[in-house]
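S.K.:
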Amino acid sequence: MSGATRRIFQYQLRDVGRSRWVLAYAGFFLLSSEGLLRFSGVDSKALLGLTNIVLLIVPFVTMVFTTMYVYSSREFIEVMLAQPVRRRQLYTGILAGMCVPLLLAVVVGLGVPLAIHWTGDAAFRTRAITLVVCAAFLTVITTVAAVWIAFSVSDRLRGLAIGIGSWLLLSVVYDGVVLAVITGLSDYPLDKAILTLSFLNPLDLVRLLMLLQFDVAALMSYTGVLLVELLSGITGVLCIAAALLFWTIVPGWMGFRAFRKRDF
Amino acid sequence: MIEIRGLTKAFGKVPVLSGIDVTFAAGRVTAVLGPNAAGKTTLLKTILGLTHADSGEMLIDGIAIGDDPSYRSRIGYMPQLASFPSHLTGRELLDMLTALRSNAGSLDRRLVEAFDISDHLSKQIGTLSGGTRQKVNAVIAFLFQPGILILDEPTAGLDPVATGILKDHIAEARADGKTILVTSHIISEVEELADDVVFILDGRVRFSGTVSSLKAGTRQHTLERAIAKLMMDVAA
Chain L
1 MSGATRRIFQ YQLRDVGRSR WVLAYAGFFL LSSEGLLRFS GVDSKALLGL TNIVLLIVPF
61 VTMVFTTMYV YSSREFIEVM LAQPVRRRQL YTGILAGMCV PLLLAVVVGL GVPLAIHWTG
121 DAAFRTRAIT LVVCAAFLTV ITTVAAVWIA FSVSDRLRGL AIGIGSWLLL SVVYDGVVLA
181 VITGLSDYPL DKAILTLSFL NPLDLVRLLM LLQFDVAALM SYTGVLLVEL LSGITGVLCI
241 AAALLFWTIV PGWMGFRAFR KRDF
Chain C
1001 MIEIRGLTKA FGKVPVLSGI DVTFAAGRVT AVLGPNAAGK TTLLKTILGL THADSGEMLI
1061 DGIAIGDDPS YRSRIGYMPQ LASFPSHLTG RELLDMLTAL RSNAGSLDRR LVEAFDISDH
1121 LSKQIGTLSG GTRQKVNAVI AFLFQPGILI LDEPTAGLDP VATGILKDHI AEARADGKTI
1181 LVTSHIISEV EELADDVVFI LDGRVRFSGT VSSLKAGTRQ HTLERAIAKL MMDVAA
């Protein structure tokens, strides 16, 4: 990180970190994970419940918070752009300053209760660690996507609508469409097509990464069933991790291009 | 000194600046005037690199502005609406802007004293009133003793006392030989502050010269009437 990037990051971090929403968000995870772990025990049920909460809440809150935050800091960005700072430095500083507080909120919110209820059980450990890693990946991917949206769409309401729309599409509608494709074309061998479809949706990928830790694929989504068979083992996890990196880097680059070209 | 040659900018298909040629001289206050949506703010933002020009060139003290952002360390900018990260304190913001400049030199903090906002600087900016924020905005523009000041509606939201303080500061900067660009809708203010007038309409410079030559050329006694005459002449 260059000097300017680091300083923008530090101040953005401080600004975002003081927002009550981030504290409430961390508090929500603290309460819900502590509650689940305390009242339904440390078996796979509690972790599965937490997984579902993470898959639904993390992308939604991160998307809404980040887009709203970037839109409301437009004038501040103008002040910063009037300083002797490169756009690349400003972009990196803003992105990192958005990402890190949200990451901390999720990792602390999930991590502290998990650490309190830590057991020697190997399955619990793997699942707990995977859950925190998945939540972290979801946070980074959604932040990057939200920043891209906010810098490409100048109208705040349209940007927010596109953000929430993509969340709805990727986390709810997508599985339905995949299911319809599978049932509609059940006479054809579709495994590879389904695999491709899942890799096109980062939220599906994270769900998959979690599912590979539980033996409950059928409970969660149809996409999962086929893929657990195709992707079990370390190769599968590595493939998913590589795809998640792709979904971080490409929107990140697109967001930078949008920011560089943008007129303020 | 800022020289602008053949500057054009369109937002989509709408032309905003259609070939601006103008020079802003050092040691003078130049008022950039024009009706709403004439392209004043776009011109100022293009000088700052907030907006990318489609074509044309800009020279600051004779050196063409390129990709290197370091020229902006010589510009103090006061945007029309001051909005800062609401959870930072004013002091933190000033520290951040100082830290962004490796060779900040000595700081001009006199406006902090003059506006008497030292106490307010330790509060989170979100809790400050609009007028106090505008004072912070002014402090930032003058802080690094820049050779060029770009002030977009600088007195909007300020009370008469603060307006007077700011005007004195602008006059002092002019005496120091700084290049000062001001936009304002308050004609009396322009008349009080400005040496030169650049009048923009439909993305073109329709007049550029001293206030007195504008009055003489349009044969009007007040600046307000001179500008009105100018607008009617262009429309005719």
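For the record, the sequence lines run as chains L and C.
Going by the working numbering, 17 is the number at position 17 of the first sequence; the sequence numbering is gapless.
Going by the working numbering, 1170 is the number at position 170 of the second sequence; the sequence numbering is gapless.
Ideal Cβ placement from N, Cα and C applies to all residues, glycine included.
These figures come from a predicted structure and were not determined experimentally.
Starting from G255 (chain L), trace the alpha helix (DSSP H) both ways and give me its first and last residue.
M.R.: Against the first sequence, residue 255 (chain L) aligns to sequence position 255. G255 (chain L) -> alpha helix (DSSP H) spans I234 to K261.
S.K.: Grab me the residues of L160 (chain L)'s own chain with a C-beta within less than 6 Å of its C-beta, minus the 5 sequence neighbours each way, in chain order.
M.R.: One-based indexing of the first sequence puts residue 160 (chain L) at position 160. Cβ neighbours of L160 (chain L) beyond the five flanking positions: T67.
S.K.: Would you please state the rounded distance, in angstroms, between the beta carbons of M1058 (chain C) and D1152 (chain C)? I believe it to be under 8 Å.
M.R.: As a working note, residue 1058 (chain C) is residue 58 in the second sequence. As a working note, residue 1152 (chain C) is residue 152 in the second sequence. At roughly 17 Å, the Cβ-Cβ gap does not stay under 8 Å, so M1058 (chain C) and D1152 (chain C) are not in contact.
S.K.: Is the beta carbon of V100 (chain L) closer than 8 Å to that of L267 (chain L)?
M.R.: For residue 267 (chain L) there is no data in the structure shown, the boundaries of chain L being 1 and 264.
S.K.: Find the residues of chain L that neighbour P1035 (chain C), judging by a C-beta separation of less than 8 Å, and give them in chain order.
M.R.: The residue you call residue 1035 (chain C) lines up with position 35 of the second sequence. Within chain L, no residue comes near P1035 (chain C); the closest Cβ sits about 21 Å away, beyond 8 Å.
S.K.: Specify, as a first and last residue, the run of the beta strand (DSSP E) that R1022 (chain C) falls within.
M.R.: Walking along the second sequence from the start, residue 1022 (chain C) turns up at place 22. The identity of residue 1022 (chain C) in the sequence shown is Val, whereas the question assumes Arg. Unbroken beta strand (DSSP E) run through V1022 (chain C): V1014 to F1024.
S.K.: What three-state label does DSSP hand L185 (chain L) in the structure shown?
M.R.: Translated into the one-based positions of the first sequence, residue 185 (chain L) becomes position 185. Reduced to three states, the DSSP call for L185 (chain L) is coil.
S.K.: Nearest-angstrom Cα distance between V1161 (chain C) and H1169 (chain C)?
M.R.: For the purposes of this step, residue 1161 (chain C) is identified with residue 161 of the second sequence, where counting begins at 1. For the purposes of this step, residue 1169 (chain C) is identified with residue 169 of the second sequence, where counting begins at 1. Their backbone Cα atoms lie some 13 Å apart in a straight line.
S.K.: Looking at the structure shown, is M98 (chain L) part of a helix, part of a strand, or coil, going by DSSP?
M.R.: The sequence position of residue 98 (chain L) within the first sequence is 98, counting from 1. Residue state, collapsed to three classes: helix.
S.K.: According to a CB-to-CB cut-off of less than 7 Å, which residues of the region 52-70 of chain L neighbour chain C?
M.R.: Taking 7 Å as the Cβ-Cβ cut-off against chain C, none of the residues of the region 52-70 of chain L qualify.
S.K.: Drop a sphere of 10 angstroms on the beta-carbon of L219 (chain L), count the other beta-carbons inside from all chains shown, and report buried for 16 or more, exposed for fewer.
M.R.: As a working mapping, residue 219 (chain L) is identified with position 219 in the first sequence. In this predicted model, L219 (chain L) has a pLDDT of only 49, less than 50, meaning its place in the structure is not dependable; the value taken from the coordinates is given anyway. Its Cβ having fewer than 16 others within 10 Å, L219 (chain L) is exposed.
S.K.: Alpha carbon to alpha carbon, what distance is there between I240 (chain L) and L1201 (chain C)?
M.R.: Reading the second sequence from its first residue, position 201 is the one you call residue 1201 (chain C). Reading the first sequence from its first residue, position 240 is the one you call residue 240 (chain L). Cα-Cα distance, rounded: 57 Å.
S.K.: So with Cβ pairs under 8 Å, would you call P84 (chain L) a contact of chain C?
M.R.: As a working mapping, residue 84 (chain L) is identified with position 84 in the first sequence. Closer than 8 Å to some Cβ of chain C, the Cβ of P84 (chain L) qualifies, so yes.
S.K.: Pull up the CB-CB distance for Q89 (chain L) and S2 (chain L), whole angstroms please, since I reckon it's below 8 Å.
M.R.: One-based indexing of the first sequence puts residue 89 (chain L) at position 89. One-based indexing of the first sequence puts residue 2 (chain L) at position 2. Q89 (chain L) to S2 (chain L), Cβ: 6 Å. Contact.
S.K.: If I'm right that A91 (chain L) touches M1096 (chain C) with Cβ under 8 Å, what's the distance once you round it to whole angstroms?
M.R.: The sequence position of residue 91 (chain L) within the first sequence is 91, counting from 1. The sequence position of residue 1096 (chain C) within the second sequence is 96, counting from 1. For the record, residue 91 (chain L) in the displayed sequence is Tyr; it is not Ala. Their Cβ separation, rounded to whole angstroms, is 17 Å, which puts Y91 (chain L) and M1096 (chain C) out of contact at 8 Å.
S.K.: Just how far apart, CA to CA, sit A135 (chain L) and D263 (chain L)?
M.R.: Here residue 135 (chain L) refers to the residue found at position 135 when the first sequence is read from its first residue. Here residue 263 (chain L) refers to the residue found at position 263 when the first sequence is read from its first residue. Answer to the nearest angstrom: the Cα atoms are 34 Å apart.
S.K.: Report the rounded CA-to-CA distance for R125 (chain L) versus W118 (chain L), giving the unit in angstroms.
M.R.: As a working mapping, residue 125 (chain L) is identified with position 125 in the first sequence. As a working mapping, residue 118 (chain L) is identified with position 118 in the first sequence. Computed Cα separation, rounded: 8 Å.
S.K.: Taking C-alpha atoms, which residue in C:R1204, C:V1205, C:D1195 and C:A1228 lies nearest to S1213 (chain C)?
M.R.: The residue given as residue 1213 (chain C) occupies position 213 in the second sequence. Of the candidates C:R1204, C:V1205, C:D1195 and C:A1228, the one whose C-alpha sits nearest the C-alpha of S1213 (chain C) is C:D1195.
S.K.: Within the continuous alpha helix (DSSP H) that includes E1192 (chain C), where are the two ends?
M.R.: Taking the first residue of the second sequence as position 1, residue 1192 (chain C) is located at position 192. It spans I1187 to L1193 - the alpha helix (DSSP H) in which E1192 (chain C) sits, taken as one unbroken run.
S.K.: Which partner residues of R1204 (chain C) appear in the DSSP bridge assignment?
M.R.: The residue you call residue 1204 (chain C) lines up with position 204 of the second sequence. Beta-bridge pairing links R1204 (chain C) to C:L1201.
S.K.: DSSP three-state label for I1075 (chain C), please.
M.R.: Here residue 1075 (chain C) is taken as the residue at index 75 of the second sequence, counted from 1. Correct three-state label for I1075 (chain C): strand.
S.K.: Could you work out which residue in L:I164, L:V132, L:P251 and L:E75 is closest to L47 (chain L) when comparing CA atoms only?
M.R.: The residue labelled residue 47 (chain L) in the question sits at position 47 within the first sequence. Ranking the options by Cα distance to L47 (chain L), first place goes to L:V132.
S.K.: When the cut-off is 8 Å and only beta carbons count, does Y11 (chain L) lie next to chain C?
M.R.: Residue 11 (chain L) sits at position 11 when you count from the first residue of the first sequence. Taking Cβ atoms only, chain C reaches closer than 8 Å to Y11 (chain L), which makes this a yes.
S.K.: Which residues in the same chain as E1003 (chain C) place their Cβ atom closer than 6 Å to its Cβ, once the five residues preceding and following it in sequence are excluded?
M.R.: The sequence position of residue 1003 (chain C) within the second sequence is 3, counting from 1. Here the set comprises T1023 and L1059.
S.K.: Give me the chain L residues within the contact set of I1117 (chain C), using Cβ-Cβ distance strictly less than 8 Å, ordered along the chain.
M.R.: Counting from 1 along the second sequence, the entry for residue 1117 (chain C) is found at position 117. Result: empty, since nearest Cβ-Cβ is about 17 Å, beyond 8 Å.
S.K.: Quick one, are the C-beta atoms of L1088 (chain C) and D15 (chain L) less than 8 Å apart?
M.R.: Start at 1 with the first residue of the second sequence, and residue 1088 (chain C) comes out as number 88. Start at 1 with the first residue of the first sequence, and residue 15 (chain L) comes out as number 15. Closer than 8 Å, so yes.
S.K.: Since I1047 (chain C) and I1150 (chain C) are thought to touch, with beta carbons under 8 Å apart, how far apart are those beta carbons, to the nearest angstrom?
M.R.: Taking the first residue of the second sequence as position 1, residue 1047 (chain C) is located at position 47. Taking the first residue of the second sequence as position 1, residue 1150 (chain C) is located at position 150. Going by Cβ atoms, the distance from I1047 (chain C) to I1150 (chain C) rounds to 7 Å, so yes, they are a contact pair.
S.K.: Is it buried or exposed, F1011 (chain C), if we count other Cβ atoms within 10 angstroms and call 16 or more buried?
M.R.: Along the second sequence, one-based indexing puts residue 1011 (chain C) at 11. Its Cβ having fewer than 16 others within 10 Å, F1011 (chain C) is exposed.
S.K.: Which whole-angstrom value describes the C-beta separation of G1157 (chain C) and Q1134 (chain C), a residue pair presumed to lie in contact below a C-beta threshold of 8 Å?
M.R.: For this step, residue 1157 (chain C) is matched to residue 157 along the second sequence. For this step, residue 1134 (chain C) is matched to residue 134 along the second sequence. Indeed, because the Cβ distance is near 5 Å, the residues count as touching under 8 Å.
S.K.: Is the Cβ-Cβ distance between L56 (chain L) and S171 (chain L) less than 8 Å?
M.R.: Walking along the first sequence from the start, residue 56 (chain L) turns up at place 56. Walking along the first sequence from the start, residue 171 (chain L) turns up at place 171. Going by C-beta atoms, L56 (chain L) is nearer than 8 Å to S171 (chain L).
S.K.: Does the beta-carbon distance from T1155 (chain C) to E1189 (chain C) come in below 8 Å?
M.R.: Position 155 of the second sequence, counted from the first residue, corresponds to residue 1155 (chain C). Position 189 of the second sequence, counted from the first residue, corresponds to residue 1189 (chain C). Yes, the Cβ-Cβ distance between T1155 (chain C) and E1189 (chain C) is below 8 Å.
S.K.: Roughly how many whole angstroms lie between the Cα atoms of G252 (chain L) and H1185 (chain C)?
M.R.: If you number the first sequence from 1, residue 252 (chain L) lands on position 252. If you number the second sequence from 1, residue 1185 (chain C) lands on position 185. Each residue's alpha carbon lies about 41 Å from the other.
S.K.: Please name the residue in L:I77, L:S33 and L:A24 whose C-alpha comes closest to that of T1051 (chain C).
M.R.: Here residue 1051 (chain C) corresponds to residue number 51 of the second sequence, with the count starting at 1. If we check each option's Cα against that of T1051 (chain C), L:I77 comes out closest.
S.K.: Taking C-beta pairs closer than 9 Å, name the residues in chain C that S2 (chain L) reaches, listed in chain order.
M.R.: Here residue 2 (chain L) is taken as the residue at index 2 of the first sequence, counted from 1. Within 9 Å Cβ-Cβ: nothing; S2 (chain L) doesn't reach chain C, min ~11 Å.
S.K.: Can you find a CB in chain L that lies within less than 8 Å of the CB of R1101 (chain C)?
M.R.: Here residue 1101 (chain C) refers to the residue found at position 101 of the second sequence. Yes, because at least one Cβ of chain L sits closer than 8 Å to the Cβ of R1101 (chain C).
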